[in-house]
Every structure is written in C-alpha cells, then in structure tokens.
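Only one structure is covered here, and it is reproduced in the block below.
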Amino acid sequence: MKKLLLVAAFAVFAFSTTQAQEVRLGAKAGINVASLGGDTAGNLSLGARTSFHIGVLAEIPLAGKFAIQPELLYSSEGSDFSSFGSSYDLKLDYIRIPVLAKYYIIEGLSAELGPNFGVLVSAKADDVDVKDGTNSFDVGLGVGASYRLNMGVFFSLRYNKGFMNVNDSDTFKQQSNVFQISAGYSF
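Mapped onto full-length UniProt numbering, the consecutive letters of the sequence shown carry residue numbers 1 to 187.
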C-alpha cells in the first residue's frame with residue numbers, strides 16, 4: 001500500500017517536471033451521493049447517503065487532446081440502511097487517489113476514465129466504530145466528464161464504481177457506488 005502511494009507520487013512528480021510549464025494544479029470540492037451495491041440480507045434495505053468530497057489535483061498534458069489527472073481527495077461515502085423498522089447511517093470516509101485519463105472532446109469539455117484507489121480513514125455506523133469489520137483498501141473505476149472555463153473554474157460529474165468488497169466478510173459482498181458533482185479551480 002505504501003509502495004503504491006510512493007509510485008503514484010513519483011509518477012506525478014516525473015510527469016510534472018518534464019512538462020512543468022503546462023501542468024495545471026487545482027482544488028475541487030463537491031457533493032457525493034453514495035450507496036452500497038451487492039448483497040443484502042433478509043429485512044436489510046440499503047439507501048443512498050449524501051455527503052461531500054474535497055481535494056487537490058494536477059492535470060498533466062500528454063499528446064494532442066490527451067491528459068492525465070491524478071487527484072488526492074477526502075471522500076465521505078457509505079449508505080443509509082434500515083432493518084426491522086430502524087434506520088442507520090453507515091459513514092465510510094476515504095482518502096481517494098483517482099488517476100484519470102482525460103480526452104478533450106472540444107475546447108474545455110473532457111471525458112475522464114481511470115482507476116480510483118481508496119484508503120479507509122474511518123468507518124462508523126451511527127457513531128459506533130466499525131472499522132475492524134471493514135476493508136481498509138478499495139479499488140474502483142471512475143468515469144465522468146468535466147468542463148473548464150477560460151478563467152480556470154471547472155465543473156465535473158463522475159461515477160465511481162468500487163470493485164472490492166467493503167465488508168471484511170465473505171458472507172456479504174457489497175461495493176461502493178458514488179456519484180460526484182464537483183466544482184473547482186485550476187491554474
């Protein structure tokens with residue numbers, strides 16, 4: 001895990017030093033609408049949880065209309081669920097590292113696709129710590145689009161589909177699903 005983060009940091013540094021004049025650095029924040037997909041048991045009903053994400057990014061131009069955009073985000077996710085008439089709030093907080101390939105369709109408008117790595121920071125069900133029963137690492141795929149205005153302000157929509165089981169259990173397989181709406185600034 002530490003090696004993966006070190007390799008990602010080295011790759012960002014290597015790309016940014018080779019094309020330092022064109023690299024855009026920025027910050028973003030937005031809304032998450034998260035849920036867990038997969039197995040449920042008996043009377044358990046899963047719903048969406050609305051929360052937030054915030055972080056920094058670098059856009060590294062490649063050839064032509066292509067770029068790479070690594071990000072470092074704090075992302076609050078999870079799910080609301082109910083069982084036998086009682087409702088609970090599962091809060092899963094991650095440090096996320098998406099590494100997205102970007103393709104500019106027209107000036108300002110880009111499509112994004114790439115892996116999304118997550119390290120679990122906190123896991124609580126109605127303020128009870130459940131981190132011991134939750135996997136500490138997540139891998140997923142992000143797909144989305146962004147539009148950047150000439151002044152550096154940008155807006156983006158993204159869907160992140162998790163591939164790893166959120167639970168540290170073989171009984172129930174549940175993956176993280178997150179729809180993100182963001183606004184940010186890059187220079």
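Beta carbons are placed, not taken as given, at the ideal position from N, Cα and C, and that holds for glycine.
Please read these numbers as outputs of a predicted model, since none were measured by experiment.
1. In this structure, how does DSSP classify Asp132 when only helix, strand and coil are distinguished?
2. Taking buried to mean at least 16 other C-beta atoms within 10 Å of its own C-beta, is Glu71 buried or exposed?
3. Measure from the alpha carbon of Val143 to the alpha carbon of each residue in Ala67, Asn160 and Asp170, then state which is nearest.
4. By how many angstroms is the C-alpha of His53 removed from the C-alpha of Lys173?
5. List the whole-angstrom C-beta distance separating Ser79 from Ala123, where the pair is believed to meet the contact cut-off of C-beta under 8 Å.
6. Enumerate, from N- to C-terminal direction, the unbroken beta strand (DSSP E) stretches of 3 or more residues contained entirely within the stretch 31 to 92.
7. Are the CB atoms of Asn135 and Val166 nearer to each other than 8 Å?
8. Put residue 192 into one of helix, strand or coil per three-state DSSP.
9. Please indicate yes or no: does the CB of Ile105 lie closer than 7 Å to some heavy atom of the ligand FAD?
10. Please state whether DSSP places Gly184 in a helix, a strand or coil.
11. Could you check what DSSP says for Asp168 in three-state terms: helix, strand or coil?
12. Would you give the residue range spanned by the beta strand (DSSP E) that residue 190 belongs to?
13. Alpha carbon to alpha carbon, what distance is there between Ala101 and Leu62?
14. For Gly55 and Ser82, I'd like the C-alpha separation in whole angstroms.
15. Roughly how many angstroms separate the alpha carbons of Gly64 and Leu36, rounded to a whole number?
16. Does the stretch 146 to 154 come close enough to the stretch 114 to 131 that 3 or more CB-CB pairs lie under 8 Å?
17. Which first and last residues belong to the beta strand (DSSP E) in which Val23 is found?
18. Classify Ala67 as buried or exposed, calling it buried when 16 or more other Cβ atoms lie within 10 Å of its own Cβ.
19. Within its chain, find whatever has a CB closer than 6 Å to the CB of Leu73; leave out the 5 residues flanking it on each side and keep chain order.
20. Measure the alpha-carbon distance for Arg49 versus Asp93 and round it to whole angstroms.
The short version:
1. helix
2. Answer is buried; the Cβ neighbour count reaches 16.
3. Asn160
4. 25 Å
5. Wrong, their Cβ atoms sit about 12 Å apart, outside the cutoff.
6. 44 to 47, 49 to 61 and 66 to 83
7. Their beta carbons are under 8 Å apart, which means Asn135 touches Val166 by this criterion.
8. Here the chain has residues from 1 to 187 only, and residue 192 is not among them.
9. You won't find the ligand FAD in this model; it holds no ligand whatsoever.
10. strand
11. Look at Asp168 here: in three-state DSSP terms it is coil, with no helix or strand label.
12. Residue coverage of the chain in this structure runs from 1 to 187, which leaves residue 190 outside it and unanswerable.
13. 10 Å
14. 31 Å
15. 38 Å
16. no
17. Taken as a continuous stretch (DSSP letters only), Val23 belongs to no beta strand (DSSP E), as it is neither H nor E.
18. Around the beta carbon of Ala67, a 10 Å sphere encloses 16 or more other beta carbons of the protein chains shown; the residue is thus reported as buried.
19. His53, Gly55 and Arg96
20. 12 Å
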